[in-house]
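Below is one structure, written out as structure tokens, with a few remarks after it.
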Amino acid sequence: MHIPSLSCTSFILYHFKWNQIVSQIFGVLLVVNGLIILVELPFTLQYLYHGQLYNERLCPAWILVNYTLFILSIILTAWTSIERYLFIYHDLLITRQRILLHYIPIILFCIYTPSFYVGLVIFYPCEQAYSLYDYICRGPCYLFESIPCLIDWCINIGLVLLITCIINIVIIARTIKQRHRMKRSIITVGNRKRWVF
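Count the sequence shown with this note's numbering and you get residues 25 to 221, in order.
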């Protein structure tokens, strides 16, 4: 499973059109998901095959890579929805403000997510008790404290998923409304032709 998915990801990345601004966010998402396949998946497969991780010193790395890459993928997916909305309904705005609305957010997300999880997984002062027999070694210790866990869940997961859902609902609603309006104008033009002799 690991080799075919990595081969497909590499093939797609090799043939990817990086010069088109509309598709660049998909390329970044592809790179992040390729890193999940390349870096995180071996930990998970080793755990699933043996029922445990073979060394406790690998637990912080596995937790850090897992949380960073998966949350970064979720955040970039949310930003993809926002960019799609901007490209569909505000094409000139995102074309003129390309650096501010396209490149800077992607760079900030790629810096924020690893920094946030390095701070919480590696440097947060709590008593870590790893379990080699649990997935991602039972997780980081900050999950067992209410404030950092709540901040992580509310901002990095809850808010991001809410934004993704809202933006996609707005896109669908505007598309349906625009389609209905276009259909009505076609019917009106057809009615006029019937009455004109």
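C-beta atoms are modelled at their ideal positions from N, C-alpha and C, and glycine is treated no differently.
Test item: CB-CB of residue i and residue j under 8 Å
i, j, result
"leucine 100", "phenylalanine 140", "no"
"isoleucine 98", "valine 184", "yes"
"threonine 199", "threonine 137", "no"
"leucine 167", "cysteine 161", "no"
"isoleucine 191", "tyrosine 78", "no"
"isoleucine 146", "proline 84", "yes"
"asparagine 43", "isoleucine 95", "no"
"histidine 26", "leucine 69", "yes"
"cysteine 150", "cysteine 165", "yes"
"leucine 37", "glycine 58", "yes"
"aspartate 176", "leucine 144", "yes"
Cβ neighbours of residue i in the same chain (closer than 6 Å, five flanking residues each side left out)
i, result
"lysine 207", "none"
"serine 29", "Ile61"
"glutamate 64", "Val89, Asn90, Leu93"
"valine 220", "Only weak support is given to the placement of valine 220: the predicted model assigns it a pLDDT of 48, under 50, and the value that follows is read from those uncertain coordinates. Contacts found: none."
"glutamine 152", "Cys165"
"isoleucine 195", "Tyr109"
7 Å Cβ shell around residue i - same chain, five flanking residues per side excluded
i, result
"valine 46", "Phe111"
"glutamate 4", "As shown, the chain starts at 25 and ends at 221. That puts residue 4 outside it, with no answer to give."
"tyrosine 154", "Glu80, Cys83, Cys161, Arg162"
"valine 142", "Leu88"
Cβ shell of residue i (< 8 Å), same chain only, five flanking positions each side left out
i, result
"isoleucine 187", "Ala102, Ser105, Ile106"
"arginine 75", "The amino acid occupying residue 75 in the given sequence is glycine; arginine does not appear at that position. For glycine 75, where only same-chain residues beyond five positions count, the Cβ hits under 8 Å are Tyr157."
"leucine 117", "Leu110, Leu125"
"histidine 204", "none"
"proline 129", "Trp103"
"valine 56", "Leu93, Leu96, Ser97, Leu100"
Integer-rounded CB distance, given that residue j should sit under 8 Å from residue i
i, j, result
"tyrosine 71", "tyrosine 159", "7 Å"
"threonine 33", "leucine 54", "6 Å"
"phenylalanine 40", "glycine 51", "5 Å"
Could you tell me whether the region 78–91 touches the region 121–130, using the rule of 3 or more Cβ pairs below 8 Å? no
May I have a chain-ordered list of the alpha helix (DSSP H) segments no shorter than 4 residues that lie completely inside the region 161–211? 170–175
Which complete beta strand (DSSP E) runs does the region 88–120 hold, if anything under 3 residues is left out? none
4-residue-minimum alpha helix (DSSP H) runs that sit fully inside the region 52–93, ordered along the chain: 65–74
Could you give the uninterrupted runs of the alpha helix (DSSP H) lying entirely in the region 115–159, keeping only those of 4 residues or more? 115–120, 128–141
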